[in-house]
């Protein structure tokens with residue numbers, strides 16, 4: 116099996132889980148096992164909590180340890196900038212330093228409200244509810260993450276958050292801002308952040 120990785124290791128984007136999910140699908144097809152997606156999920160969760168989610172496309176609510184998935188509406192059309200800093204973070208280290216008992220209700224994202232906004236299809240309202248509880252830990256270790264978030268907000272992002280346990284940061288912009296996003300990338304790569312950035316991409320939400 117030859118694996119060509121396109122997502123950086125330890126970037127907080129579930130690259131390893133996505134690779135594992137692709138192997139599950141590949142083996143299922145190659146050996147004509149005819150396993151259903153549900154059967155693949157049962158096997159996948161034993162290897163990693165994120166793998167069942169990565170067996171699918173689109174937006175899902177993941178509950179339990181990752182084995183309970185509920186299909187949700189995808190983000191409405193938008194432009195997304197991903198920024199991978201020139202350092203990595205250990206997922207294990209981040210979770211070891213996450214103290215949920217110290218979090219306030221205000222810090223905890225409201226899942227039910229987010230689902231309601233996703234169903235409404237209002238991008239601005241969706242972005243108002245975004246949050247990531249792991250940011251507090253990751254930013255305490257690498258304040259540069261906050262600097263990238265602040266830069267994207269200053270450039271017009273409706274929402275900027277760290278992805279997963281970090282350190283990758285994403286910014287969500289209106290769909291019509293794609294040309295503007297190209298200029299933002301140029302600014303990241305040539306301005307004061309150039310030594311901080313390993314890579315950056317423009318993408319969109321996929322159903």
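Residue numbers (this note's numbering): 116 to 322. Using N, Cα and C, we set each Cβ at its ideal position, and we do this for glycine too.
In the same chain as residue 246, and ignoring 5 residues on each side of it, the C-beta atoms closer than 6 Å to its own belong to 224, in chain order. DSSP, reduced to helix, strand and coil, places residue 178 within a strand of the structure shown. Comparing C-alpha distances from residue 233 to each of 165, 169, 173 and 318 shows the shortest one belongs to 173. Between the alpha carbons of residue 306 and residue 235 lies a gap of roughly 38 Å. Apart from sequence neighbours up to five positions away, the residues of its chain that approach residue 122 with a beta-carbon distance below 6 Å are 128 and 130, ordered along the chain.
Within 10 angstroms of the beta-carbon of residue 119 lie fewer than 16 other beta-carbons, which makes it exposed. Taking the Cα positions, residue 202 is about 19 Å away from residue 267. Annotation: residue 200 is outside any alpha helix (DSSP H); the continuous beta strand (DSSP E) that includes it extends over 193-200. Relative to residue 285, the option among 315, 295, 258 and 302 whose CA is nearest is 315.
Within the stretch 242-312, the alpha helix (DSSP H) runs of at least 4 residues that lie entirely inside it are, in chain order, 250-256, 259-269 and 293-305.
By alpha-carbon distance to residue 210, the top candidate from 321, 252, 272 and 262 is 252.
According to the DSSP assignment, residue 184 belongs to the beta strand (DSSP E) that extends over 183-187.
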